[in-house]
Amino acid sequence: MAGWMPSKRTRAQLEERRLAALEWINAGQHKHQEIADHFGISLRTVETWKERLKKQGHWSATVSTGRPRQMTEEQREQLRALLQEGPRAHGFADPTWTTPRVREVLGLLGIWHHRDHVRKVLHGLGWTPQKPESRALERDEKRVMTWVETVRPEVEKKGGPGDHAGLSR
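Letter by letter, the sequence shown follows residues 1 to 169 of full-length UniProt numbering.
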């Protein structure tokens with residue numbers, strides 16, 4: 001009987017198992033049930049593999065094409081153009097693309113993806129996740145630099161308990 005096996009195997013693991021089973025089938029020294037038990041497959045699978053080997057003379061893996069794309073190449077280009085316009089062009093308050101916003105823009109093309117799938121669509125277009133800067137809009141960079149150059153050195157010179165607390169370069 002087969003030992004512990006993962007609940008889900010990769011395509012490479014499945015192919016490795018098929019090739020190992022092929023050797024056992026070709027050797028002809030094991031009963032079908034022994035092969036099934038050893039490789040953790042059904043008896044019917046062993047028989048199917050043996051029939052396929054007999055008919056084709058070789059044993060190739062089945063190809064899984066996956067689910068067909070929902071978007072055409074033309075729609076992908078339209079989405080790319082819409083995203084390049086920026087969020088404000090589509091009525092959003094700030095210049096940040098979020099997955100719900102991109103999902104709304106996809107809706108303009110008649111395509112509805114689950115919000116978790118939108119990131120895959122964006123990745124396919126070459127977009128990467130970005131984190132917006134978390135700075136106050138009212139921040140005055142000139143005043144910050146003035147403080148860093150004048151006040152901070154004085155605070156650091158004073159020293160004492162809690163020296164440099166909260167100050168980092």
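We treat Cβ as the ideally placed atom computed from N, Cα and C, and that holds for glycine.
For A136, no alpha helix (DSSP H) segment is defined, and its DSSP state is neither H nor E.
Taking 8 Å as the cut-off, the Cβ atoms of V105 and H90 count as close. Taking 8 Å as the cut-off, the beta carbon of W24 is found closer than this to the beta carbon of I35. Counting the other Cβ atoms within 10 Å of the Cβ of L79 gives 16 or more, which makes it buried. In its chain, beyond the 5 residues on either side, T99, V102 and R103 have a beta carbon closer than 6 Å to the beta carbon of V118. By the Cβ neighbour-count rule, W49 is buried, with 16 or more other Cβ atoms within 10 Å of its own. Only exposed fits V148, as fewer than 16 other CB atoms lie within 10 angstroms of its CB.
Between L22 and the set R139, E47 and E141, the nearest pair of CA atoms involves E47.
Taken through DSSP and simplified to helix, strand or coil, I41 comes out as coil. The three-state reading of DSSP puts I111 in coil, since its state is none of H, G, I, E or B.
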